[in-house]
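From first to last, the protein sequence lines are chains S and X.
For the first sequence, position 666 (counting from the first letter as 1) is numbered 666 according to UniProt numbering, and the numbering increases by one without interruption.
For the second sequence, position 292 (counting from the first letter as 1) is numbered 292 according to UniProt numbering, and the numbering increases by one without interruption.
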Amino acid sequence: MEDIEDTDLVALEHDRLISAVSKLDKTQHITEPTRNEPTNLNSEFNLIKRTNKLNIDNVAKVLEDTAHHVQISKKLKKTQSGAKVLSKPLEKPQAERIKRATGYEETKKKVGRWDPVVARSRTVDYVTFPIKHVSAKLEPTSDFLTKFKLKSELEKELEEVDPQPMVEDEEEEEPIFPKSYEEMVEYRQHLAKMRAQQSYKAAKAKRQSKIKSKKFHRVLKKEKLKQELKEFEELQKRDPEEALKKLEGIEKARALERHTLRHKSTGKWAKNKLIRAKYDKEVRQQLADQLSVGRSLTKKVQDNQSSDDEGDDEPTPNFTLSQDPFNPWMVQRSDKSNVNAEFDFGYKKFVQNKINKHKESDDSDSDENDVSDKDISYAKSSHPEPKEEKLTVTKAIKEKLTAPKSKKGKKAAAKSKAKKPLATSNWDVETVDDTDNKPKDNLEYLKLKKQKPKAVIDEELLESSSKTAEGMANEEKDETISELVKAAQTPVQESADSNIDPNRFIEVKPKYLNTAISQVENEYDQLDDDQVVPRVNIEEVFEEDDVVASFRQEKEDEINKDKPEDINLTLPGWGAWGGKGVKPQKRKRNRFILKAPPKMPRRDENKGDIIIKEFKDPKLAVHKVKDVPFPFESVKDYEASIRAPLGNTFIPEKAHKKLIRPSIITKAGKIIEPMDEEELLVPKNRNFKNQSVMKLLGRKK
Amino acid sequence: MKNPKKNAPKRYFDVEEKNSEQKQDVEVYTIKNNNNKRTDNKRIQKRKPNKNFKGKAPIDPEKLEAHSRGEGVGKGVKHPLHAEKLKKKERKYTYAQEQAARAEILLTEDHGGLEVDEDVKTTAISQKIIAENVDISAATKIFELNLDFGPYRAKYSRNGRHLLLGSKKGHLAAFDWVTKKLHFEINVMESIHDISWMHTETMVAAAQKEWLYMYDNTGTELHCVKKMDKILRMEFLPYHFLLAAVNEFGFMTWLDISIGEVVGHYNNHLGRTSVMAQNPYNATICLGNSKGVVSLWSPTIKEPLAKILCHKTPLTAIAVDNRGMYMATSGVDRSMKIWDIRNLDGPVQHYRLRSAPVDLEFSQKDMLAVGLDEVVEIYNNCCSQTTDRPYLRHRMAKTITNFKYCPYEDVLGIGTRSGFTSIIVPGSGEPNFDALESNPFQNKKQRKEAEVKALLDKIPAELITLNPFDITEVDVPSLQEQMEAKKKLLYLKPKKMDFTPRHKKKGKTQIARKKIIKQAARQEFIEQAKEAQKALDLPQPETAKKPSFGVLDRFVPTIKNKK
């Protein structure tokens with residue numbers, strides 16, 4: 001084992017040496033990428049990929065000559081045909097999904113056992129806690145006493161002889177003071193120091209954040225960047241894997257960049273520059289710079305595989321950004337710049353500057369850097385990442401694709417613009433007007449819509465009238481067959497009127513009672529007799545027909561007062577001639593005069609000489625319920641639910657107690673433990689059969 | 001607690017007979033129960049039937065019906081959990097109903113009555129005969145006070161223990177009429193127009209010549225309410241703590257005596273009205289005017305809730321029975337009418353009398369006392385059916401000003417021109433009293449307790465309406481208005497709501513029946529109209545069919561058909 005490892009190590013080091021040596025050579029080596037996309041075209045952009053699969057036929061062909069080899073070739077072919085290729089393992093998300101699904105089923109089953117318990121405790125009248133009550137059954141005294149036993153003489157003597165060792169409590173209590181005094185003091189001092197430092201830092205940060213100078217911030221940023229880069233380089237040396245992880249942070253930066261407008265040509269600064277760009281080359285460059293930044297940030301992380309095998313690294317071409325910032329080739333080609341591009345804008349710029357500096361300075365310095373870079377690549381190769389494996393598209397292709405993307409996008413945009421009127425033709429009046437069919441459709445659509453609101457208005461008036469039993473009944477009908485009823489209403493009303501019987505009241509025949517004749521009256525009677533005054537019916541004296549007539553008139557007035565009136569919305573003279581004697585058009589009359597809802601029967605209708613005022617008392621309405629609360633859908637049900645009194649002055653005490661019992665009863669001073677699984681076995685829970693409630697509560701979960 | 005007021009042996013015999021009948025009834029009911037209540041059967045079957053114990057005694061369905069609170073919640077609630085809970089609540093309500101029906105066994109007392117041979121009329125039994133036949137303590141309830149200060153008005157306190165007398169000439173006296181213990185007796189040196197007990201027997205109100213005064217049970221003046229002047233008549237509404245009064249100028253004043261505030265004060269535009277009665281069912285005040293119209297009033301609404309043209313002549317008296325079912329009115333035209341005041345319908349009965357009644361009064365057991373100058377006639381069962389003769393007649397030598405039945409006693413107290421007369425009217429009072437409601441044997445502590453409880457249970461004045469159950473109803477029209485508001489928000493689906501009220505507003509009168517028929521006729525007509533329309537519209541759908549071009553349909557010109 002060790003030997004193998006040793007040899008591996010030696011090989012690794014050997015490779016590294018070779019790469020280092022090859023790096024001494026500054027010429028560019030374009031190595032063939034190991035993984036390729038199968039393509040037929042052989043262009044400068046994509047290299048043909050050879051499949052790794054071994055073609056058995058080719059192998060067997062070689063062996064065909066001799067008889068012995070024929071056997072082998074046959075065998076080979078047979079194995080090829082007979083062998084079943086292992087099915088590809090499921091994709092990770094898919095596998096996870098399945099795992100989750102089964103896990104869900106399992107958990108659902110497990111949790112579902114509690115459904116009846118929960119449902120029962122919800123539906124039951126009241127729950128008492130704690131659930132497990134100790135049975136209040138008292139043990140018989142004899143049973144209780146049997147538990148106590150006196151020690152026999154023998155036992156006593158034995159104890160004297162061999163006293164039982166005192167069982168010491170072996171509870172390891174946690175020391176109350178885990179630290180010594182000195183330690184405590186130290187610890188506290190340390191804490192205080194930390195706190196002080198924290199506060200200093202916070203104060204500093206606050207102060208700095210309030211500085212408005214741009215230059216200061218720029219310098220600060222640069223410094224930060226430098227610091228970060230330094231750290232990164234250190235990290236590369238120390239822990240390449242960690243560094244790689246840090247590199248992955250780029251993906252996040254990319255996402256952030258994609259949804260901001262930061263490095264686009266839409267900002268105020270960019271717009272100002274754009275104006276000057278025509279005349280000033282440097283400004284143009286700045287703009288291009290900015291855009292390239294954005295582009296580099298939004299670029300997807302590329303496959304680095306190719307760079308691995310490159311082994312050697314050529315010195316980066318000494319390009320300034322002014323040369324061609326858009327050229328992806330230039331940006332991507334060099335391994336270093338590639339990494340930078342993937343990392344961060346700040347890093348990139350910094351590295352580029354650094355590179356430039358290096359170019360000027362010694363080669364040896366750059367070599368060191370290169371080595372470090374190389375380290376990263378090794379780390380990458382040693383660290384298997386599924387992402388890398390999945391990437392099958394060669395860099396070349398990708399880079400090719402990125403260039404026309406912008407063009408394509410523009411085209412698409414143009415297309416979409418061109419398409420826009422087509423797509424929204426239903427809404428664009430102008431384009432639609434040209435065709436003959438569409439406007440009609442549209443009009444019809446509009447018409448229909450208009451008709452609806454009209455109906456709504458009618459309904460509104462219908463429903464606003466007062467509530468009577470008859471009215472309620474009518475309403476529903478009116479809604480359903482509103483049109484028909486409208487057509488049929490007048491005759492119906494007439495027929496209804498004709499149905500009313502003029503002498504509809506059961507005239508109560510007066511019953512003459514043989515009442516006592518009072519002394520006073522008798523005296524009068526006697527007087528009458530004496531003086532022979534003609535007997536006058538008192539009733540006739542007092543009776544005024546006027547009383548009845550005036551009362552009926554009053555009732556009539558009352559009825560008329562409550563009658564809903566048509567609402568006239570016509571504006572005289574609007575769109576027509578106005579003035580005296582000009583009648584509004586029939587069309588307008590129909591349209592603008594909102595017909596009042598049909599009269600609801602009054603409570604005092606057909607009741608003779610009785611007037612019952614029909615109006616809502618706002619003072620009473622304050623006390624009334626306005627909306628039907630949740631589980632109820634009809635007023636009737638709700639009213640039924642509050643029909644019965646609960647007070648003990650209305651119903652027997654026992655029933656009263658039962659009705660006002662709280663839904664949860666807890667015993668004072670008792671700890672309420674959570675339910676355990678024994679609750680599942682309780683017969684009342686097991687026998688709970690209300691499926692609908694269980695389903696409902698299960699669904700809520 | 002109640003004294004027998006008539007021939008005891010007869011009564012006891014009767015009661016026994018009744019009991020035996022009931023037993024027979026019960027047997028019949030058990031059979032019914034078995035048929036109707038399957039659930040009960042099930043429950044019983046589940047348990048082992050015990051031969052020694054047959055289970056709870058069956059309940060008289062009639063009694064059960066009497067304690068019913070109406071129809072329960074149906075299957076309108078779809079939410080399973082809440083439906084289940086409501087079901088359980090319904091079960092509790094039925095339990096409460098059953099318990100109440102069972103508790104009737106505790107109402108041990110039965111009301112008395114006069115029973116005579118077939119050829120003898122009950123009117124022949126005078127107070128003298130009654131006094132001879134009842135026990136001594138009951139006989140003491142027949143008494144007469146001869147007082148000098150002109151016509152007297154009398155009122156009993158709510159528990160029937162105390163009596164208040166007020167005379168036109170300023171004599172005001174309150175006493176425990178059973179023990180004849182005098183609380184106070186003063187002369188206010190002014191004319192007293194009306195008197196009233198307050199919520200307890202420690203306070204009385206007297207409407208004097210100018211203002212309303214309040215005295216305690218020692219005759220000390222507590223208040224002089226100058227806001228209420230020249231009061232003619234007043235009524236105290238015990239559950240609302242309201243003193244309703246009407247004055248000479250037709251102003252109604254409602255004084256909340258618990259907070260000392262006037263909650264309603266307005267002109268009723270009826271002119272001088274001295275005929276007033278309260279409806280114990282809904283606490284409305286009935287006023288009768290000189291045009292024969294009875295109007296119902298509440299404190300918050302300045303117009304009458306309802307008006308009934310009762311007589312064509314000026315009204316002399318109004319009385320409303322305890323359950324608020326019937327109202328008796330009488331006019332100068334010497335007629336007396338009974339109205340269905342709950343449904344505001346009528347007249348139910350129409351009687352012609354020989355003279356115009358001075359006063360009318362219903363007892364707790366719906367015996368109507370009619371005062372005819374110096375004769376009091378008591379009618380039994382005169383509302384639901386037409387009687388032809390009075391139950392009792394008492395003739396005095398002095399004219400009547402007013403009379404009141406004593407609650408929980410078979411006693412009628414009559415205020416007369418020259419004093420007060422108390423007579424026994426067998427079977428007029430409620431034999432079983434609820435001590436928590438009003439207790440004739442109340443001691444001081446109980447009185448204090450009851451006062452606090454009553455104050456806690458005080459009903460706001462706004463709740464005085466024709467239908468006392470208005471408060472339990474949902475404010476439906478406003479609900480509909482809300483719906484309209486919601487509908488106005490375009491593209492918002494309106495919540496579905498069933499507006500049918502729990503109680504239809506009308507009983508099944510002849511008129512209602514007619515309406516139903518009319519409704520049916522109307523429905524039929526609509527159906528016919530529909531049919532006709534269908535017949536007319538027949539060609540239309542044919543034209544509606546068009547050849548389809550698939551996607552290209554949109555280019556086919558559509559011709560709008562005018563309807």
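For each residue, glycine too, the CB sits at the ideal point set by N, CA and C.
- For Tyr181 (chain S), there is no enclosing beta strand (DSSP E); the residue is found in the alpha helix (DSSP H) stretching over 181-210.
- Below the 8 Å Cβ cutoff, chain S contributes Asp617, Lys619, Leu620 as neighbours of Thr300 (chain X), in chain order.
- Excluding sequence positions up to five before and after Lys230 (chain S), its CB lies less than 7 Å from no other CB in the same chain.
- Under the three-state reduction of DSSP, Met327 (chain X) is assigned to strand.
- Counting C-beta atoms within 10 angstroms of its own C-beta, Arg393 (chain X) has 16 or more neighbours from the protein chains shown and is therefore classed as buried.
- In summary, the residues of the segment 350-363 of chain X whose CB is separated from some CB of chain S by less than 8 Å are His350, Tyr351, Arg352, Leu353, Arg354, Ser355, Ala356, in the order they occur in the chain.
- With a threshold of 8 Å between beta carbons, Thr128 (chain S) makes no contact with chain X.
- Collapsing the DSSP output to three states places Lys607 (chain S) in coil.
- Residue range 67-82 is occupied by the alpha helix (DSSP H) that includes Gly82 (chain S).
- About 17 Å separates the Cβ atoms of Tyr351 (chain X) and Ile341 (chain X), ruling out a contact at the 8 Å cut-off.
- Judged by DSSP in its simplified three-state form, Tyr215 (chain X) adopts strand.
- The Cβ neighbour count for Asn268 (chain X), taken over all protein chains shown within 10 Å, is at least 16; the residue is labelled buried.
- In the structure shown, Pro80 (chain X) adopts helical secondary structure according to DSSP, grouped into three states.
- The C-beta of Gly70 (chain X) comes closer than 8 Å to at least one C-beta of chain S.
- When the Cα atoms are used, Tyr95 (chain X) and Leu165 (chain X) turn out to be separated by approximately 46 Å.
- The C-beta of Glu556 (chain S) comes no closer than 8 Å to any C-beta of chain X.
- Straight-line measurement puts the Cα of Tyr512 (chain S) at about 44 Å from the Cα of Pro460 (chain X).
- Within chain X, no residue has its CB atom less than 9 Å from the CB of Leu569 (chain S), the nearest being about 16 Å off.
- Below 8 Å, too few C-beta pairs join the segment 249-266 of chain S and the segment 217-224 of chain S to call them touching: fewer than three.
- Runs of beta strand (DSSP E) with 3 or more residues, each lying fully within the UniProt domain "BING4 C-terminal" (390-468) of chain X, are found at 392-395, 400-406, 411-416, 419-424, listed in chain order.
- By a beta-carbon distance limit of 8 Å, Ile593 (chain S) contacts Leu569 (chain S). Their separation comes to about 7 Å.
- Neighbours of Lys88 (chain X) in chain S, taken as residues at a C-beta separation under 7 Å, are given in chain order as Asp125.
- Per DSSP, the unbroken alpha helix (DSSP H) holding His217 (chain S) starts and ends at 214-238.
- Scanning S:Asp115, S:Lys109, S:Val127 for the CA closest to the CA of Leu696 (chain S) turns up S:Asp115.
- Contact between Phe362 (chain X) and Leu368 (chain X) holds, with the beta-carbon distance rounding to 6 Å and staying under 8 Å.
- The secondary-structure analysis by DSSP pairs Gln208 (chain X) across a beta bridge with X:Ile192.
- Taking 8 Å as the cut-off, the beta carbon of Gly429 (chain X) is found no closer than this to the beta carbon of Phe420 (chain X).
- The alpha-carbon separation between Ser335 (chain X) and Pro390 (chain X) amounts to approximately 15 Å.
- Judged by beta-carbon spacing, Ala245 (chain X) lies beyond the 8 Å limit of Ile464 (chain X), meaning their Cβ atoms are not closer than that value.
- When C-beta distances to chain S are compared with 9 Å, the residues of the segment 387-420 of chain X below that value are Thr387, Asp388, Arg389, Pro390, Arg393, Arg395, Ala397, Thr399, in chain order.
- With contacts defined by Cβ atoms closer than 8 Å, Gly219 (chain X) and Pro440 (chain X) do not form a contacting pair.
- The beta carbon of Asn55 (chain S) sits closer than 8 Å to none of the beta carbons in its chain outside the five residues before and after it.
- The beta-carbon of Phe688 (chain S) is placed no less than 8 Å from the nearest beta-carbon of chain X.
- The segment 95-107 of chain S makes no contact with the segment 671-689 of chain S: fewer than 3 CB pairs, one atom from each, lie closer than 8 Å.
- Closest by C-alpha distance to Ile301 (chain X), out of X:Gln349, X:Ile285, X:Leu315, X:Lys530, is X:Ile285.
- Val358 (chain X) and Val547 (chain S) have their alpha carbons spaced roughly 22 Å apart.
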